[in-house]
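>
Numbering (my numbering), first residue to last: 6 to 446.
1) Apart from the five residues just before and just after residue 172, which ones in its own chain have a Cβ nearer than 7 Å to its Cβ?
2) Short of 6 Å in beta carbon distance, which residues of its chain neighbour residue 92, apart from the five on each side in sequence? Order them along the chain.
3) By DSSP, does residue 179 sit in helix, in strand, or in coil?
4) Indicate whether residue 101 and residue 84 have their beta-carbon atoms separated by less than 8 Å.
5) Residue range of the beta strand (DSSP E) that residue 310 falls in?
6) When you compare only the Cα positions, how much space is there between residue 145 and residue 259?
7) Could you work out which residue in 392, 254, 294 is closest to residue 51 when comparing CA atoms only?
8) Can you list, in chain order, the residues of its chain whose CB lies under 6 Å from that of residue 34, leaving out five sequence neighbours each side?
9) Within a Cβ cutoff of 6 Å, which residues of the same chain sit near residue 320, ignoring the five residues on either side of it in sequence?
10) Measure the C-alpha to C-alpha separation of residue 372 and residue 340 and round it to an integer number of angstroms.
11) Apart from the five residues on each side of it in sequence, which residues of its chain come closer than 8 Å, Cβ to Cβ, to residue 217?
12) Give the single residue among 170, 99, 138 whose Cα lies nearest to the Cα of residue 45.
13) Just mark residue 247 as buried or exposed, buried being the case when its beta carbon has 16 or more other beta carbons within 10 Å.
14) Given this structure, state the Cα-to-Cα distance separating residue 184 from residue 63, to the nearest angstrom.
15) Would you check if the distance between the CB atom of residue 151 and the CB atom of residue 226 is smaller than 8 Å?
16) Assign residue 282 to one of two classes, buried (16 or more other C-beta atoms within 10 Å of its C-beta) or exposed (fewer than that).
17) At the level of alpha carbons, what is the spacing between residue 342 and residue 434?
18) Per DSSP, what are the beta-bridge partners of residue 169 in this structure?
19) Among 113, 135, 55, which residue has its Cα nearest to the Cα of residue 69?
20) Please identify the residue among 182, 160, 177 whose C-alpha is closest to the C-alpha of residue 166.
21) Grab me the residues of residue 430's own chain with a C-beta within less than 6 Å of its C-beta, minus the 5 sequence neighbours each way, in chain order.
22) Whole angstroms are fine: how far does the CA of residue 286 sit from the CA of residue 360?
23) So what's residue 5 in DSSP terms, helix, strand or just coil?
24) Determine the burial state of residue 141: buried for a count of at least 16 other Cβ atoms within 10 Å of its Cβ, exposed for fewer.
25) Should residue 276 be labelled buried (16 or more other beta-carbon atoms within 10 Å of its own) or exposed?
26) Contact check, residue 334 vs residue 384 under 8 Å by CB: the rounded distance?
27) Pull up the DSSP beta-bridge partners for residue 246, would you.
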């Protein structure tokens, strides 16, 4: 009997294992991770098509990179490509799918197939390629291919040093950037080479691969004129500091640096430290706090030029008497930079350095909240510490002043409120009151 039960048990286990091995269930929708979709498409590559032989088929690679909302590469994305605006040329593939990196597409053209009525190729024409996500055509980017006549052959091509019209500009200005391309033609040296495309880039000073841009160059690709000179305009946009200007053609490269300063100061922001809880003067605790005013231009950058900032403590502020004069003794009242006010609200003028102006608030002998007011003024509009034309002003809570430690006290027994509890025992209320050295309770 026992053997029969054991055989049946083994058979059941075998059947269960066989059933599980044949389970063909698919993951449920909840088990499937949500697909990451691309929200941006970047198309890039060298757009210059060098034509030497009109009959030769030319192939130029370029790339498309799908990115998500965080700028991270997305694989498995189908990208469609098309020639637009009746542009000359054709593409190797209509659709490519991203794998582990940007997809590589190829632009092709046979110049002989695109001659004008006079039988010549128009080197001023442009071929335009549009790339877009196959399932979301609104996410797209465009690549412009430009043409260069390779029939002009020069030996020992040389790019001159970069010429910058203004090597130091403000953020709201622009400057012209030029370079000359020369070479040896027909045995003659230093001959200007026309109709060649030159690449202009504006980069962060520590950039090494052309990805850390600074402002913009317009146009990014410029063609040399009859004097071999190519030009582009640099605009800082909203960036300040040092910028690296890079100009290149094939294997030739030149670099230079220039400085972009901030624009005019139009606003300021008061910066209050977190340790702004003070104690009355002489109380033994923290009695001062440094407050900063950050001056910014219209782009939100800290200014480079110097400005005057008028700091003041507006009424009402803690003082022993009516604000702002109190009892007339200003030596123990609220001060700025440790200087007694000598009547009126405490006021100090501070000149900015690299867009920052500072002031130190010193506590007085009374507790309470203290506000700080800052007025921005250009130096030329200051006269006898008074601003003739305030650019901007701001006001905020600067500090909270607490009383000092107990300096003396008084104990009062309420004899008139004595209460008999029986058996000859009485209860009497006792009140103890303490003050700091300035009679603050």
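Note that CB positions come from ideal geometry on N, CA and C, so glycine has one too.
Working from what's here:
1) If we look at residue 172 and ignore the five residues flanking it on each side, its Cβ neighbours are 263.
2) If we look at residue 92 and ignore the five residues flanking it on each side, its Cβ neighbours are 132, 133.
3) Under the three-state reduction of DSSP, residue 179 is assigned to coil, being neither helix nor strand.
4) Between residue 101 and residue 84, the CB-CB gap stays under 8 Å.
5) No beta strand (DSSP E) holds residue 310; DSSP gives it neither H nor E.
6) C-alpha separation (whole angstroms): 33 Å.
7) Of the listed residues, the one whose Cα sits closest to residue 51 is 254.
8) Summary for residue 34: the model assigns pLDDT 36, below 50, so the residue's position carries little reliability; its value from the coordinates is reported in the next sentence. Its chain contains no residue whose beta carbon lies nearer than 6 Å to that of residue 34 once the 5 sequence neighbours on both sides are disregarded.
9) Taken in chain order, the residues that qualify are 328, 329.
10) Taking the straight line from one Cα to the other gives about 14 Å.
11) Excluding sequence neighbours, residue 217 sits near 208, 209, 211.
12) Among 170, 99, 138, the Cα nearest to that of residue 45 is on 138.
13) Counting of Cβ neighbours within 10 angstroms places residue 247 among the exposed residues, the total staying below 16.
14) For residue 184 and residue 63, the distance between alpha carbons rounds to 28 Å.
15) Contact flag set, yes.
16) Counting of Cβ neighbours within 10 angstroms places residue 282 among the exposed residues, the total staying below 16.
17) Those two C-alpha atoms are separated by around 47 Å.
18) BP columns for residue 169 point to 182.
19) If we check each option's Cα against that of residue 69, 135 comes out closest.
20) Checking every option, the nearest Cα to that of residue 166 belongs to 182.
21) So the list is empty, once near-sequence residues are dropped.
22) Those two C-alpha atoms are separated by around 31 Å.
23) Residue 5 lies beyond the residue range present for the chain, which begins at 6 and ends at 446; the question has no answer from this structure.
24) Taking all protein chains shown into account, residue 141 has fewer than 16 neighbouring C-beta atoms within 10 Å of its C-beta and is therefore exposed.
25) By the neighbour-count definition (other C-beta atoms within 10 Å, threshold 16), residue 276 is an exposed residue.
26) Actually they are not in contact, since the Cβ atoms of residue 334 and residue 384 sit about 35 Å apart, beyond 8 Å.
27) BP columns for residue 246 point to 265.
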